[in-house]
Amino acid sequence: MRPTYHMAIETGETTVFAPLPGDAAGAGAAAGLADTPKERRVYFEVFGCQMNKLDAEIMLEILGNAGYRLTHDPDEAGVILYNTCSVRQQAEERVYSRLGTLRRRKLREPDLVIGLLGCIAQHHGADLFRRMPHLDLVIGTREFHKLPSLIAGVRATSEKRLATELDSPLEFQRTRNFGPNRYQAYVSVMRGCDMVCTYCIVPTTRGKEVSHPPEQVLAECRRLAETGVREVTLLGQTVNSYGKRLGTAGIGLHTLLYGLEEIDGIERVRFITSHPRFMRPLLVEAMAKCRKSCEYLHLPVQSGADSVLKRMKRTYDRDYYLRVVERCRAAIPNFAIATDFIVGFPGETEAEFQASLSLVREVGFDHGYVFKYSPRPGTEGYAIPDDVPDAVKRERNQILLDELGRVQIEKNRGRVGARAQVLVEGPSKSDPAMWTGRTRDHRIVVWPKTAADEAGTFAEIEVAAATALTLRGHRVGAAAAALAATSTQ
Ligand code: 5AD
Ligand code: SF4
């Protein structure tokens with residue numbers, strides 16, 4: 111059976127999947143919706159990180175193969191699924207409130223199947239049925255290939271189904287690219303996390319590290335390249351520790367970078383998210399040598415204070431982080447770096463916060479995210495009193511964001527007058543006369559559309575102006591697909 115083709119609609123907080131109009135298979139799927147009985151219509155909403163989105167796409171393919179069709183209207187659906195995130199309390203609460211609104215409907219429509227999937231499901235398991243008796247399915251982070259049979263089981267017996275084994279590796283061969291568009295694809299290379307950062311629930315919800323064998327990852331990338339994909343982003347919780355437990359010595363993320371160099375069609379390679387501890391020389395060397403590997407790294411630091419890093423059990427200190435950045439900069443021309451910070455970790459003093467603030471300028475981050483510490487039951491940090499008042503967390507959050515913004519705009523202004531190679535994505539959302547794409551170092555570029563612009567091709571844009579988030583310019587020509595790693599951006 112043909113899988114349901116779909117698009118992802120970003121609502122700001124979540125992603126809702128909808129049938130894709132215009133696409134031949136999508137139109138078929140949309141047209142088929144009227145003929146599809148309600149019990150086979152699925153509404154699917156995703157909370158959280160890129161990994162969750164990719165997992166949701168995999169589930170949609172599995173459901174499509176089992177004859178389910180997607181609808182973006184929950185009222186039209188006979189199956190409602192949420193793929194969830196538990197990294198912060200706020201994300202959990204949003205899911206609970208969404209589920210709460212279905213309570214009355216389930217009383218009216220007992221055949222409706224409601225499923226909670228992903229991290230919250232993994233963490234709270236059967237407790238969720240007690241909290242929300244109208245819930246039918248709880249499926250964790252490694253068993254979602256069972257989705258069609260679990261839905262069928264609920265329908266056959268009217269009994270709830272729970273699937274939260276963490277040991278089974280997820281075996282699934284995707285048959286197509288899930289996006290974000292035809293030219294860019296995410297590829298999961300490892301799952302789980304072996305670290306024990308005291309604030310983080312991920313090791314509990316996603317289990318121990320499991321890497322997919324390199325032949326399998328590269329075969330998937332080869333298939334994607336054949337469908338027109340030009341840029342792949344390799345995904346993993348600590349993606350740069352890739353290769354552990356594969357049983358063959360010497361395999362690491364660098365193996366994948368070198369392997370991808372040989373795949374025709376793929377022109378850009380990125381990977382998220384890296385841990386500072388695993389930015390080993392072999393990997394930095396591979397980034398420098400592989401012309402497809404982009405000069406960009408997302409390397410969460412979390413704090414600039416050694417004492418906080420120690421309490422977080424991050425396994426490195428400020429100096430170590432700075433040396434990693436230095437090593438990357440020395441090897442990789444035009445290297446760009448993004449990061450994550452947490453503010454208000456238990457006991458964070460003003461001096462400790464100032465250490466984070468000063469790190470922003472010292473490193474010169476090209477981009478950064480800031481999160482207010484959120485205590486997660488089940489983590490080691492939960493036992494430590496959450497003693498930084500919310501008002502202080504909010505203030506520190508803002509101060510750090512402002513500083514990141516100032517540094518970012520200075521760095522972007524430094525690009526004015528330069529030429530950037532851009533992978534053309536298409537019209538900008540706010541103004542269709544302007545087109546948009548990203549540079550190799552992940553900066554967003556907008557320019558007035560020309561007749562030569564075509565999504566999925568490479569353009570050379572001369573940068574004329576910069577804001578904190580975007581570069582503006584005009585097209586000066588086509589760009590060589592993958593620039594030598596030593597040339598600009
Ligand atoms: N509270 C706040 N932020 C958190 N993160 C992870 N756990 C927590 C938490 N308990 C942040 C980290 C991580 C990002 C994905 O989310 O900065 O890098
Ligand atoms: Fe969480 Fe730390 Fe693992 Fe990242 S490395 S997923 S922050 S435990």
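Convert by adding 110 to the 1-based position in the sequence shown; the result is the number in the working numbering. Glycine is no exception: its CB is placed at the ideal position from the N, C-alpha and C atoms. None of these values were measured; they are calculated from a predicted model.
TODO: Decide if A139 is buried, meaning its Cβ has at least 16 other Cβ atoms within 10 Å, or exposed.
DONE: Here residue 139 refers to the residue found at position 29 when the sequence shown is read from its first residue. Bear in mind that a pLDDT of 47 at A139, under 50, signals an unreliable position, so the number given afterwards is only what the model happens to contain. Label assigned to A139: buried.
Task: Residue-level contact to chain D via CB, T343, 8 Å cutoff - done: Protein chains in the displayed structure number just one, and chain D is not present.
Task: Residues near L245 by beta carbon distance below 8 Å, same chain, minus five either side - done: By one-based count along the sequence shown, residue 245 stands at place 135. L209, I224, G225, L226, L238, F239, K270, listed in sequence order.
Open item on the list: Here's a check: name, in chain order, each residue in its chain whose Cβ is nearer than 7 Å to the Cβ of C310, leaving out the five neighbours to either side.
Closed with: Your numbering for residue 310 matches position 200 in the sequence shown. Scanning its chain for C-beta atoms nearer than 7 Å, with the 5 sequence neighbours on each side dropped, one finds around C310 the residues T489, in chain order.
- [ ] Report all residues from its chain with a CB closer than 6 Å to the CB of V434; omit the five preceding and five following residues, and keep chain order.
- [x] Within the sequence shown, residue 434 is the residue found at index 324, counting from 1. Counting only Cβ-Cβ distances below 6 Å, and skipping sequence neighbours, we find P386, M389.
Open item on the list: Beta-carbon within less than 6 Å of Y479's beta-carbon, same chain only, minus the 5 sequence neighbours each way: which residues are those?
Closed with: Taking the first residue of the sequence shown as 1, we reach residue 479 at position 369. Here the set comprises D450.
Open item on the list: To the nearest angstrom, how far is the alpha carbon of K482 from that of G457?
Closed with: Reading the sequence shown from its first residue, position 372 is the one you call residue 482. Reading the sequence shown from its first residue, position 347 is the one you call residue 457. Going by the C-alpha atoms only, they are around 13 Å apart.
- [ ] Classify T146 as helix, strand or coil using the three-state DSSP reduction.
- [x] Stepping through the sequence shown from its first residue, residue 146 is reached at position 36. Coil.
TODO: Provide the residue span of the alpha helix (DSSP H) that contains H233, from first to last.
DONE: In the sequence shown, residue 233 corresponds to position 123, counting from 1. Per DSSP, H233 belongs to the alpha helix (DSSP H) from 229–234.
Open item on the list: Is any non-hydrogen atom of the ligand SF4 found closer than 7 Å to the C-beta of T348, if you look at the structure I gave you?
Closed with: As a first step, residue 348 is located in the sequence shown; it is residue number 238 there, counting from the start. Yes, the ligand SF4 has a heavy atom inside 7 Å of this Cβ.
Open item on the list: Given the structure, does M117 come close to the ligand SF4, in the sense that its CB is under 7 Å from one of the ligand's heavy atoms?
Closed with: As a working mapping, residue 117 is identified with position 7 in the sequence shown. No, since every heavy atom of the ligand SF4 falls outside the 7 Å radius drawn around the Cβ of M117.
- [ ] Helix, strand or coil for L222, going by three-state DSSP, please let me know.
- [x] As a first step, residue 222 is located in the sequence shown; it is residue number 112 there, counting from the start. The answer is coil: DSSP assigns L222 none of H, G, I, E or B.
Task: 7 Å Cβ shell around A574 - same chain, five flanking residues per side excluded - done: Here residue 574 is taken as the residue at index 464 of the sequence shown, counted from 1. Taken in chain order, the residues that qualify are V526, R582, G583, H584.
Task: Validate contact between the segment 560–570 and the segment 320–334 using beta carbons, cut 8 Å, 3 pairs - done: The segment 560–570 vs the segment 320–334: no contact.
Open item on the list: When you compare the CB positions of V299 and S321, do they come within less than 8 Å of one another, or not?
Closed with: On the sequence shown, residue 299 is found 189 positions in, with the first residue counted as 1. On the sequence shown, residue 321 is found 211 positions in, with the first residue counted as 1. In this structure, V299 lies near S321, with their beta-carbon atoms less than 8 Å apart.
TODO: For V411, collect the residues of the same chain with a Cβ closer than 6 Å to its Cβ; drop the 5 residues on either side in sequence, then sort them by chain order.
DONE: For this step, residue 411 is matched to residue 301 along the sequence shown. If we look at V411 and ignore the five residues flanking it on each side, its Cβ neighbours are Y431, T449.
Task: From G524, C404, E535, residue whose alpha carbon lies closest to that of E572 - done: As a first step, residue 572 is located in the sequence shown; it is residue number 462 there, counting from the start. That would be G524, whose Cα lies nearest to the Cα of E572.
TODO: List in chain order: all unbroken alpha helix (DSSP H) runs of 4+ residues lying wholly within the segment 479–528.
DONE: Runs found: 500–523.
Open item on the list: Can you look up H182 in the DSSP assignment and give me helix, strand or coil?
Closed with: Taking the sequence shown and counting its residues from 1, one reaches residue 182 at position 72. Looking at H182 - three-state DSSP - the assignment turns out to be coil, as it is neither helix nor strand.
Open item on the list: Quick check: does the Cβ of P243 come within less than 7 Å of any heavy atom belonging to the ligand SF4?
Closed with: Reading the sequence shown from its first residue, position 133 is the one you call residue 243. Taken from the Cβ of P243, every heavy atom of the ligand SF4 lies 7 Å or farther away.
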